[in-house]
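Just so you know, the numbering used here puts the end of the sequence shown at 222, numbered straight through with nothing missing.
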Amino acid sequence: MSNDITTLGAQFDALHQRLSAMHDLLVCETEQLKLRDAEGLVATGKAKAALASEIDGITDVQNTLLGRYKLPPGREGIEILLNALPPEAPAALKLRKIWQEIRAVGNECRRLNEINGAYIGLLGKHVDRALDLLHGRDTLEFVYGPDGASRKPYASRKLTSA
Numbered sequence: 061m062s063n064d065i066t067t068l069g070a071q072f073d074a075l076h077q078r079l080s081a082m083h084d085l086l087v088c089e090t091e092q093l094k095l096r097d098a099e100g101l102v103a104t105g106k107a108k109a110a111l112a113s114e115i116d117g118i119t120d121v122q123n124t125l126l127g128r129y130k131l132p133p134g135r136e137g138i139e140i141l142l143n144a145l146p147p148e149a150p151a152a153l154k155l156r157k158i159w160q161e162i163r164a165v166g167n168e169c170r171r172l173n174e175i176n177g178a179y180i181g182l183l184g185k186h187v188d189r190a191l192d193l194l195h196g197r198d199t200l201e202f203v204y205g206p207d208g209a210s211r212k213p214y215a216s217r218k219l220t221s222a
């Protein structure tokens, strides 16, 4: 178990570092959205995807370790494992501390990602409305297609063309 605790500690350190980097990218993404920096957003999106892949790899290692002890994967298993460790053991105290930091950074990343996603969705709606106006479509008018899903009708005339 001692080796597994050491491994878990190393995984926690790596996860904390990657989540902190993700937090920095999300803050950068927020600024790029405010500035409407399309090139920066593309680069940030690629960096986020690469970092998410690394985080997934760390999580897989953690879940494998939890599986050795017949614990559920993810947060639930980690919480069970941490609660099973001796309360005053130095290694356990360190793991609990960094786990709390991981959870805090992870929650902040989730919050920032939701805000950025909502903002991207709003910008997309503005673009759709502008395109509807340029194509002569009523932005409030929808029809139902053969599959029953709502869709925009074809424009009867264009206001302009490029």
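For glycine and all other residues, C-beta sits at the position ideal for the given N, C-alpha and C.
Taking only three categories from DSSP, how would you classify residue 156? helix
Alpha-carbon to alpha-carbon, residue 149 and residue 168: 29 Å
C-beta atoms of residue 86 and residue 172 nearer than 9 Å: yes
Is the region 105-114 close to the region 125-132, with three or more CB pairs under 8 Å? no
Quick one: grab the DSSP three-state call for residue 129. coil
Every unbroken alpha helix (DSSP H) within the region 63-147, with a cutoff of 4 residues, ordered by chain: 98-128, 134-144
For residue 64 and residue 73, the rounded distance between their alpha carbons: 14 Å
Beta-carbon spacing of residue 76, residue 158 below 9 Å: yes
Nearest-angstrom Cα separation, counted from residue 147 out to residue 179: 43 Å
Could you compute how far the alpha carbon of residue 124 sits from the alpha carbon of residue 68? 11 Å
For residue 195, name the three-state secondary structure that DSSP assigns. coil
Within its chain, find whatever has a CB closer than 8 Å to the CB of residue 155; leave out the 5 residues flanking it on each side and keep chain order. 65, 68, 69, 72, 142, 145
Determine the burial state of residue 160: buried for a count of at least 16 other Cβ atoms within 10 Å of its Cβ, exposed for fewer. exposed
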